[in-house]
Amino acid sequence: MAAIKLRQVQEDPDRKGLFGILGEYIQPDSTTSVQQAAVKFADGAKESASSEEYFWAFWGDVFSIAEQIPHDNPAQDKLAAFIRELTLVPETGNKVWETRVWIDLPLLRPAVREHLDVVTGHERISFHAFLARLWHAGVSPAIETTAIWVLRDALEEDTKPAGDGSAFDTQLAVAAVYIEYAGATIVQKLASQPSPQLDEVTQRSLRGGKLWKGESGLTPARFNFWGSRFTEVAGSTASDGVKAQALHAARLIEVWSETWLSK
Numbered sequence: 011m012a013a014i015k016l017r018q019v020q021e022d023p024d025r026k027g028l029f030g031i032l033g034e035y036i037q038p039d040s041t042t043s044v045q046q047a048a049v050k051f052a053d054g055a056k057e058s059a060s061s062e063e064y065f066w067a068f069w070g071d072v073f074s075i076a077e078q079i080p081h082d083n084p085a086q087d088k089l090a091a092f093i094r095e096l097t098l099v100p101e102t103g104n105k106v107w108e109t110r111v112w113i114d115l116p117l118l119r120p121a122v123r124e125h126l127d128v129v130t131g132h133e134r135i136s137f138h139a140f141l142a143r144l145w146h147a148g149v150s151p152a153i154e155t156t157a158i159w160v161l162r163d164a165l166e167e168d169t170k171p172a173g174d175g176s177a178f179d180t181q182l183a184v185a186a187v188y189i190e191y192a193g194a195t196i197v198q199k200l201a202s203q204p205s206p207q208l209d210e211v212t213q214r215s216l217r218g219g220k221l222w223k224g225e226s227g228l229t230p231a232r233f234n235f236w237g238s239r240f241t242e243v244a245g246s247t248a249s250d251g252v253k254a255q256a257l258h259a260a261r262l263i264e265v266w267s268e269t270w271l272s273k
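In case it helps, this note's numbering puts the sequence shown at residues 11 to 273.
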């Protein structure tokens, strides 16, 4: 597999360490373990990783790196593993927004929320694939909400391709990566909590789109509906690659529902 060359979008001497460490660690022929990479980075950031400004910039860098890696490249797995490993390094005693460095990954949730509004095109697919991997790695359970929103927008609205179809394809591909890279986590939660108890605010937040008439939140019926919709809309894609992604997501949902949710 070809090497991946990372570029630092915003040059900052104080943050070159992250790009240098990850630029070596994510390579297919790297002999650096995830533990070594995380400890080396955390040791080098002890003095600077103590402010709100640092963590806004840190997450911006991490997201930039994720967006430079194709969604199906193993380097994405390595990047998600690196973030999880940071939560295991010795605590520094520092807190940002009352969250511990590094165990609580300060500002991850607000950084994700802000970045959702600015990322576009193929970078959006890679970004969401990275979020799906973080969720699957147990790093940020709150990503479940983002996943439901993405799947709702792509599959629960009567959206038709417009123009060259690229926007439609991107939206569908973004939805598919949550099934591909976090689908097993979704199924495990459905198996253990098939009827989630949601407060009124959460019910409104996780409500369905126009085509979904069932309950709010993550339910087996809604999961199966997504599977059927992936199959339906796959034929409207402009790209054979996205069509294959959608059909693969549909098949995963079908098999998982039969093996995990129908007993």
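For glycine and all other residues, C-beta sits at the position ideal for the given N, C-alpha and C.
Simplified DSSP assignment, three categories, for residue i
i: Thr195; result: helix
i: Pro84; result: helix
i: Pro206; result: coil
i: Ile14; result: coil
i: Lys220; result: coil
i: Pro230; result: helix
i: Asp71; result: helix
i: Thr247; result: coil
i: Thr241; result: helix
i: Leu89; result: helix
i: Leu182; result: helix
i: Leu257; result: helix
i: Ile31; result: helix
i: Asp39; result: coil
i: Glu268; result: helix
i: Lys50; result: helix
i: Glu279; result: What the structure shows of the chain is the stretch from 11 to 273, and residue 279 is not part of that stretch, so it cannot be assessed.
i: Val187; result: helix
i: Thr212; result: helix
Integer-rounded CB distance, given that residue j should sit under 8 Å from residue i
i: Thr109; j: Lys56; result: About 17 Å separates the two Cβ atoms, so there is no contact after all.
i: Glu34; j: Ser43; result: No, Glu34 and Ser43 are not in contact; Cβ-Cβ is about 12 Å, not under 8 Å.
i: Glu166; j: Gly224; result: Between Gly224 and Glu166 the Cβ distance is about 10 Å, and since that is not below 8 Å, they are no contact.
i: Trp222; j: Phe233; result: About 11 Å; that fails the 8 Å criterion.
i: Glu95; j: Gln45; result: 6 Å
i: Leu144; j: Ile135; result: So it is not a contact: roughly 15 Å between Cβ atoms.
i: Val266; j: Val197; result: The question names Val, yet the displayed sequence has Trp at residue 266. Contact holds; Cβ gap of about 5 Å.
i: Glu77; j: Val106; result: That belief does not hold up - the Cβ atoms of Glu77 and Val106 are roughly 24 Å apart, past 8 Å.
i: Val160; j: Tyr188; result: 6 Å
i: Trp69; j: Ala147; result: Wrong, their Cβ atoms sit about 16 Å apart, outside the cutoff.
Inter-residue Cα distance where the pair is residue i and residue j
i: Ala192; j: Lys26; result: 30 Å
i: Pro100; j: Pro204; result: 37 Å
i: Pro230; j: Ser58; result: 45 Å
i: Leu16; j: Ala157; result: 27 Å
i: Asp114; j: Ala244; result: 39 Å
i: Thr247; j: Ala142; result: 22 Å
i: Thr180; j: His132; result: 7 Å
i: Gly175; j: Ala256; result: 15 Å
i: Leu271; j: Leu262; result: 13 Å
i: Val252; j: Asp82; result: 13 Å
i: Ala259; j: Asp163; result: 16 Å
i: Ser249; j: Leu98; result: 41 Å
Distance cut-off 7 Å: residue i Cβ against heavy atoms of the ligand SAM
i: Lys223; result: Ligands displayed in this structure: none; no statement on the ligand SAM is therefore possible.
Ranges of the alpha helix (DSSP H) found wholly within the segment 101-176, counting only runs of at least 4: Within the segment 101-176, the complete alpha helix (DSSP H) segments at least 4 residues long are 118-126, 131-146 and 153-165, listed from N- to C-terminus.
Given 8 Å as the limit, is there contact between the segment 201-220 and the segment 172-191, that is, 3 or more CB pairs closer than that? Counting Cβ pairs under 8 Å, fewer than three are found: no touch.
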